[in-house]
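Notes for the one structure printed next.
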Amino acid sequence: MPCPGKTFTSSITWYSPKFINPEELSFCEECYNQFIRNTPLNMYMRNDGTFIGVCDFSVKIQEQWLTAVSGNDINIFRKYVEPKVVHVRTIRSEYANLQSHHSLETQRKGVLVYSQLKNRGQGAALELIDNRSQRYFFNNRTYSNSGAAHAAQLQIQVDECSRKINNHLVDMGRLENKRANYWHA
């Protein structure tokens, strides 16, 4: 299989330096076999198995790897990579933070929708029992029961949750793209 480059792929084996987390810098099987496997510095790499990732073996990485191999010194490669990994960790931290907020907001929306349905049902049941002509007002609209009025209030919160969830998804996509392109910039 050819190198996937900056395209997220899950069906191949990934490799990374032993001194770095696989999610921070990983190489596809094709690049590993072509540039790393038959070098004396191969012992500093590990097989990470399969996961969803992008190949970070960019032209700059390749240059640094070949320089390290020609000097038979992994520290040449390490000195190039380790400072850059700090930035990747920041991206991953931002992503994890957004993922956490996204999860909480999704749970909140679920609770609000449940409450909304419950209020509508209770309001409809009360309307059947007590058929008074009492009206409820909210946001310049008239509702036939208090449950329907409260459900309308909850709808505003549900809409706000939806907006936040969508913003989180956009931001997480932006960070995934930023991570995928980082080593290739």
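The working numbering runs 83 ahead of the 1-based position in the sequence shown. Even for Gly, the Cβ is constructed at its ideal location relative to N, Cα and C. The structure displayed is predicted, hence computed values, not measured ones.
How is residue i classed by DSSP in three states: helix, strand or coil?
i: Phe118; result: helix
i: Thr90; result: coil
i: Ser186; result: helix
i: Pro85; result: coil
i: Pro123; result: helix
DSSP puts residue i in a beta bridge; with which residues?
i: Thr173; result: None; Thr173 has no bridge partner.
i: Pro100; result: Met128
Rounded to whole angstroms, what's the CA-CA distance from residue i to residue j? Just pull it up for me.
i: Lys162; j: His184; result: 35 angstroms
i: Leu200; j: Trp148; result: 60 angstroms
i: Lys247; j: Asn130; result: 38 angstroms
i: Asn249; j: Ser186; result: 12 angstroms
i: Tyr115; j: His251; result: 35 angstroms
i: Gln217; j: Arg224; result: 14 angstroms
i: Glu146; j: Glu259; result: 25 angstroms
i: Ser245; j: Ala234; result: 16 angstroms
i: Glu177; j: Glu107; result: 14 angstroms
i: Val169; j: Ile103; result: 11 angstroms
i: Ser99; j: Val253; result: 29 angstroms
i: Tyr265; j: Asp139; result: 8 angstroms
i: Val142; j: Trp97; result: 18 angstroms
i: Pro105; j: Val196; result: 39 angstroms
i: Thr133; j: Gln240; result: 41 angstroms
Give the single residue among the options whose Cα lies nearest to the Cα of residue i.
i: Thr173; options: His267, Trp266 and Arg262; result: Arg262
i: Ile135; options: Gln190, Ala234, Asn125 and Gly88; result: Gly88
i: Gln205; options: Gln190, Ala232 and Asn180; result: Ala232
i: Phe160; options: Val168, Val169 and Thr150; result: Thr150
i: Val152; options: Arg175, Asn180 and Asn121; result: Asn121
i: Glu188; options: Phe91, Asn155 and Asp242; result: Asp242
i: Ser93; options: Ile103, Ser109, Pro100 and Phe102; result: Ser109
i: Asn155; options: Tyr178, Thr133, Tyr127 and Val164; result: Tyr127
i: Pro123; options: Ile157, Ile239, Trp97 and Cys111; result: Ile157
i: Gly26; options: Tyr219, Gln240 and Ile239; result: The question about residue 26 has no answer here: the residues shown for the chain are numbered 84 through 268.
i: Pro85; options: Asp254, Val137 and Tyr197; result: Val137
i: Ile144; options: Thr133, Glu165 and Met255; result: Glu165
i: Tyr226; options: Arg203, Gln240 and Ile239; result: Arg203
i: Thr90; options: Pro105, Cys111 and Lys101; result: Cys111
i: Gln182; options: Arg257, Leu237 and Gln117; result: Arg257
i: Lys192; options: Ala179, Leu237 and Asn180; result: Leu237
i: Met255; options: Ala179, Val196, Gly132 and Gln190; result: Ala179
Jot down the residue ranges of each uninterrupted beta strand (DSSP E) in the segment 213-247, minimum 3 residues, whole runs only, in chain order. 219-221 and 224-226
Which complete alpha helix (DSSP H) runs does the segment 126-170 hold, if anything under 4 residues is left out? 142-154
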